[in-house]
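Asker: Per our numbering, residue -18 is the first one in the sequence shown, and the count goes up by one each step. Starting off with a structure, shown below.
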Amino acid sequence: MNAQQTNHNDHHAHHAQRKTKRVEKLEWSDALLLGHGPMDDEHREFVQVVTALRNSTAHTALAALDAVEKHLIAHFDLEHAWMDKTGFPDVYSKCHRDQHDEVLGSVFQVHQLAAIGQIGLGAVHRLAQSLMDWFPGHADYMDSSLSAWINGKTHGGQAVVLRRNLVHEDRVPDESQAEAA
Ligand SMILES: [Fe+2]
Ligand SMILES: [Fe+2]
-18 MNAQQTNHND HHAHHAQRKT KRVEKLEWSD ALLLGHGPMD DEHREFVQVV
32 TALRNSTAHT ALAALDAVEK HLIAHFDLEH AWMDKTGFPD VYSKCHRDQH
82 DEVLGSVFQV HQLAAIGQIG LGAVHRLAQS LMDWFPGHAD YMDSSLSAWI
132 NGKTHGGQAV VLRRNLVHED RVPDESQAEA A
């Protein structure tokens, strides 16, 4: 990120990432589920394309950058469409959209420079790392409130998150086993 973007991030720090810690490995798990299925699908794909970028070689970096860029355009467009469709309050959506724009700006910049050979694999990997570091905070704070809002609008209730371990814990005991005991 350039100096201007860093300042812009600082400006938004009180809204968003209070603390960003380095993410060594971004792995998909049920802990990342937010409860709105189509958004969860986007986030699963985000983890895949960013991991591929982090692991890219000089030969695969441009294709991986292209995949990340295409994914983010679609992912962010979807979230913006959900905001518009459900009347997500401006006070939240402005900040959320600004974060998307900053991230996409960084990706465009690195992609363009890499495509003309102005930057190398190290810079591409640093972009991947910054996306890995950015995502958990954004998902926890911005996307989770959007997800809860959409679910509230569409189901008239709170977000329902079914995580595998919770489903197991809540499972009704098998009656045949109960009788045998
Ligand atoms: Fe998202
Ligand atoms: Fe988002």
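Cβ coordinates follow ideal geometry from the N, Cα and C atoms, glycine included. Just so it is clear, the structure is predicted and the values come from calculations on it, not from any experiment.
Would you call the CB atoms of L108 and V84 closer than 7 Å?
Answerer: In this structure, V84 does not lie closer than 7 Å to L108 by Cβ.
Asker: For the alpha helix (DSSP H) that contains M113, what are its first and last residues?
Answerer: Where M113 is concerned, the enclosing alpha helix (DSSP H) stretches over L102 to H119.
Asker: Output needed for T38: all residues of its chain with C-beta closer than 8 Å, excluding positions within five of it in sequence on either side, in chain order.
Answerer: Contacts found: L102.
Asker: Where E8 and T32 are concerned, what is the direct C-alpha to C-alpha distance, given to the nearest angstrom?
Answerer: Roughly 8 Å between the two C-alpha positions.
Asker: Let's test the definition: count the other Cβ atoms within 10 Å of the Cβ of A45 and tell me whether it reaches 16, buried, or not, exposed.
Answerer: A45 comes out buried.
Asker: Looking only at C-alpha atoms, which of H77, A120, H40 and T1 sits nearest to R25?
Answerer: That would be A120, whose Cα lies nearest to the Cα of R25.
Asker: With distances taken from CA atoms, which of A42, K2 and M113 is nearest A95?
Answerer: Comparing Cα positions, the closest option is A42.
Asker: Please report the distance separating the alpha-carbon of E23 from that of M123.
Answerer: Those two C-alpha atoms are separated by around 14 Å.
Asker: Between the alpha carbons of R3 and V49, how many angstroms are there, rounded?
Answerer: About 20 Å.
Asker: Beta carbon of D21: closer than 6 Å to some heavy atom of ligand 1?
Answerer: No.
Asker: For F57, I'd like the list of residues in its chain whose CB is within less than 7 Å of its CB, leaving aside the five on either flank, ordered along the chain.
Answerer: Excluding sequence neighbours, F57 sits near H81 and L85.
Asker: Measure the alpha-carbon distance for F69 versus W63 and round it to whole angstroms.
Answerer: Cα to Cα, the separation comes out at about 8 Å.
Asker: Between which two residues does the alpha helix (DSSP H) holding V72 run?
Answerer: D71 to A96 is the span of the alpha helix (DSSP H), which, as asked, contains V72.
Asker: Please list, in chain order, all residues of the same chain as D(-9) whose beta carbon is under 6 Å from its beta carbon, the five residues on each side excluded.
Answerer: Low confidence applies to D(-9): its pLDDT is 43, below 50, so where it sits in the model is not reliable enough to give any reading.
Asker: Quick one: does the C-beta of D121 sit closer than 6 Å to a heavy atom of ligand 1?
Answerer: Because no heavy atom of ligand 1 lies under 6 Å away, the Cβ of D121 does not count as near it: no.
Asker: Hey, how far is the Cα of Q93 from the Cα of S126?
Answerer: Those two C-alpha atoms are separated by around 33 Å.
Asker: Pick from A55, S128, S111 and I131: whose alpha carbon is nearest that of T1?
Answerer: Selected option, being the one with the closest Cα: S111.
Asker: Can you tell me whether D124 sits near ligand 2, meaning its C-beta is under 6 Å from at least one heavy atom of the ligand?
Answerer: Under cutoff, so the answer is yes.
Asker: Check whether the Cβ of E60 lies closer than 6 Å to any heavy atom of ligand 2, and answer yes or no.
Answerer: Yes.
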